[in-house]
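Shown next, in structure tokens, is the structure this report addresses.
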């Protein structure tokens, strides 16, 4: 299927090129790379596909077309730009089109295709470091189209359409009857939105109104995976095996979300720009779920064994979000600007779920046959959240080589979560009213003179309390970047990043820090040759006490990163040949030890002014010291024909 | 088959538009040129020769029609007469370099949006960082949209080496290398500083759900997203050592850091005591709590 799709794309593009070539193709700036990629994986292919997933097959490595200024004779088009990359074997292809006629319309279209794969050993696997029980092999296709009519006119009609389609098989797990079972899953998610609106430009004021209708349709179908009937638990309950002979589940969810947005901008004076906006989105989700299973299972809450379960649920949830705000930008004097603004965000969730579960073939623990039993769950949830953000910033850029930016913002959060009895497993933590205020001071400084450039930025956050345990009370982040281009053939750079955060609230006592240092050098000893090297060191250390559920003991959850990275790159461009190469090595001795080597080379040979040949090779080698079976080495070789008519 | 149809649509659109452009070449009538006497900018500056294919020329052409010689250059660089008379004295022409040059760009590109500003954004023009740091306004590599100096990911790495290396360093990261997305897919380079200029959906949700629509919700039994945290409460978008770009090496650690009732006044319940995290089963919370992003039917996020 993939090969067919790839071949089709190549054929379609070839026909495109023929049509383009018929009419003075040489006048169109056009660039195409098309060919075949080979793949060789040694080790865990699942791990390779989960991380990289470059596949073997036909590939449009790149296609670019730009006709700006060369379409004077064509009345409906005065510019067209097409950019595409990695269409075909994937895993990530994209195509974008930007076309228009000045003053008449502008059309922008983008398409992206993603192959998404995950099958990770040890992830969500109750049996230890074996093949993961939750996997997927899906494709996502995304289309976004925006059409603007009469750009620059007083009124500019706007139309848009977005589609996001995720589909494909996978495996998941399901817990029922004191065991968990692997299920084959087929998921289809189609999310699309239509938009219509208008922009307007009237003197010093301009703005935009846009109304969108989003519709999300999701279908999930699950069935018992082949050979999964015994479940993960090997033990028995009072001598009874727990197993499933069949399971079928079907879930359908529809979400409708009308979204309205209004934006107004105007210049009160030449120096003062005002902005106001209002956005409201109201999402209604309706979901139905049907599940039927047969087997031998046990329910401790019901104190019974049972041989079948018919489960139905219907739910509805309403999520309303709106935000309103405004901002002033004041050009105080040459090089000095001040902005101030306020935004209020409000979001509510109100949900109701009715679940009816019929347990059939029930027997007591003593073996007595009992009547079927039905349980009804009527759950109601609600969340109300308000967030106010005030901010003011000053940007001063008129001090010779210096540029300065400083700002202050305050975020006030007010959250109310209504707990529902159905959610409560252990009292505490499921609901309540929570407030959190965060004060942030931030600044940035740039300095550039001659060959020297330096930039520093910092933010210091101070919060009064946390809503989640992992929320910080103080968080400081500083970053510095320095570059020096003192010689025509030499550029040196260094970056430092420091992040510290902590929460010393009694019972939380979390602290975390991260340090990242990078040094890089670029050499161009002769014009066609460019060499690049970099070294990075990463250290992170996070600690927070947690409570072990089984005995309520207090442990420290510690997570560390301790890595070093070396990188090297080469670029050589001669008359007819260009060579690029790179190599990197990252060794992490932190909480999860591994090494990662990446390398590759690309040779681009121009046989003629219009035709060339490209050879590519890349290698990724992953050495996993926790789960050695996850390690892999993957070589990819690509041969592409380049055409530039 | 659906993939094929999507590919077909894309290829068909490409074919139609490309053919359209090609057809456009055939009847190409010469544009009404305004020939000016005296020296031309193009006599010395190659940029002027290629400017006819520049998007900046589009507006000028619509307003004034055809080629306009030096007048086009004067739009941004001012009257170049004295500059020419002085045999190219650079002090007699308006340069777009530095802060003052950026001010010239801002003559047209002055309008701010809700979350972005050319004046006070994170890359607001200064002597050191200005429009020309990222945009080649005269001619650009034909492979780059928006007149960028190079492709966005490489361009951002010029200064943000640390962030760029994260995508190469970590085994689990977004696929920048493969071109699935670039830095500007998530960050607005003209955005204001709040939250690192991260894009949001129009409705105000985290920009992540623009692609990951399946976790967008709304869910009746919602989890972290939008309530008290967001996607980055658990995931590291720039890359992680751990599967699914999680923040912690084990799922249990990821979950229990919130779900431990050692303090009061925080949101996050304590798991019941049968969750014995010394056993592999309970170290992998999502084995059972599969709907960790939110569920329409299970209060405990079990399905």
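Chains as they are written, first to last, in the working numbering: chain X, 1 to 645; chain R, 646 to 948.
The beta-carbon is built from N, C-alpha and C at its ideal position, and this holds for glycine as well.
- Here the alpha carbon of residue 278(X) sits roughly 12 Å from the alpha carbon of residue 327(X).
- For the pair residue 914(R) and residue 639(X), the CB atoms are not nearer than the 7 Å cut-off.
- Residue contact with chain R for residue 632(X): absent (no Cβ-Cβ distance below 7 Å to any residue of chain R).
- At a cut-off of 7 Å between beta-carbon atoms, residue 939(R) makes no contact with chain X.
- For a cut-off of 8 Å, the C-beta gap from residue 538(X) to residue 563(X) is around 4 Å, short enough to register as a contact.
- By alpha-carbon distance to residue 51(X), the top candidate from 790(R), 809(R) and 820(R) is 820(R).
- Within the same chain, 118 and 170 come within 6 Å of residue 136(X) by CB-CB distance, once the 5 residues on both sides are set aside.
- Distance from the CA atom of residue 793(R) to the CA atom of residue 778(R), rounded to whole angstroms, is 9 Å.
- Sorting 540(X), 527(X) and 496(X) by C-alpha distance to the C-alpha of residue 520(X) places 496(X) at the top.
- Take the alpha-carbon of residue 200(X) and the one of residue 265(X): they are about 10 Å apart.
- Exposure of residue 75(X) is indicated by the presence of fewer than 16 other C-beta atoms within 10 angstroms of its C-beta.
- At a Cβ-Cβ threshold of 7 Å, residue 37(X) and residue 636(X) count as neighbours.
- At least one CB of chain X lies nearer than 7 Å to the CB of residue 921(R).
- In the DSSP annotation of this structure, the continuous segment of the beta strand (DSSP E) that includes residue 453(X) starts and ends at 452-463.
- At a cut-off of 7 Å between beta-carbon atoms, residue 192(X) makes no contact with chain R.
- Between residue 423(X) and chain R, the shortest Cβ-Cβ separation is below 7 Å.
- In its chain, beyond the 5 residues on either side, 827, 828 and 829 have a beta carbon closer than 7 Å to the beta carbon of residue 797(R).
- When secondary structure is reduced to three states using DSSP, residue 350(X) falls in the strand class.
- Between residue 475(X) and residue 508(X), the CB-CB gap reaches or exceeds 7 Å.
- Assignment of beta strand (DSSP E) within the region 81-158 of chain X, counting only whole runs of 3 or more residues, yields 92-101, 105-118 and 135-149 in chain order.
- When the beta-carbon positions are compared, residue 733(R) and residue 815(R) stay at least 7 Å from each other.
- Beta bridge pairing from DSSP links residue 577(X) with 605(X).
- For residue 854(R), not one C-beta of chain X is nearer than 7 Å to its own C-beta.
- Interface residue (Cβ-Cβ distance to chain X less than 7 Å): residue 906(R) is classified as such.
- Sequence-ordered contacts of the region 583-603 of chain X with chain R read 584, 586, 588, 590, 591, 592, 594, 596 and 598 [C-beta pairs closer than 8 Å].
- As the crow flies, the alpha-carbon of residue 444(X) is around 42 Å from that of residue 730(R).
- The C-beta of residue 806(R) comes closer than 7 Å to at least one C-beta of chain X.
- Beta-bridge analysis with DSSP links residue 211(X) to 196(X) and 260(X).
- For residue 873(R), same chain residues with a beta-carbon under 6 Å away, outside a window of 5 residues either side, are 912 in chain order.
- For residue 864(R), the chain X residues whose Cβ falls inside 7 Å of its Cβ are 317, in order along the chain.
- Just so you know, the alpha carbons of residue 898(R) and residue 459(X) end up roughly 28 Å apart.
- At a cut-off of 7 Å between beta carbons, residue 159(X) makes no contact with chain R.
- At a cut-off of 7 Å between beta-carbon atoms, residue 717(R) makes no contact with chain X.
- Residues of the region 762-778 of chain R that bring their beta carbon within less than 7 Å of a beta carbon in chain X comprise 762, 764, 765, 769, 770, 771, 772, 773 and 774, in sequence order.
- Within the same chain, Cβ atoms closer than 6 Å to the Cβ of residue 195(X) are found at 160, 210 and 212, the five residues on either side in sequence being excluded.
- Within its own chain, no residue has a Cβ closer than 6 Å to the Cβ of residue 848(R) once the five positions on either side in sequence are excluded.
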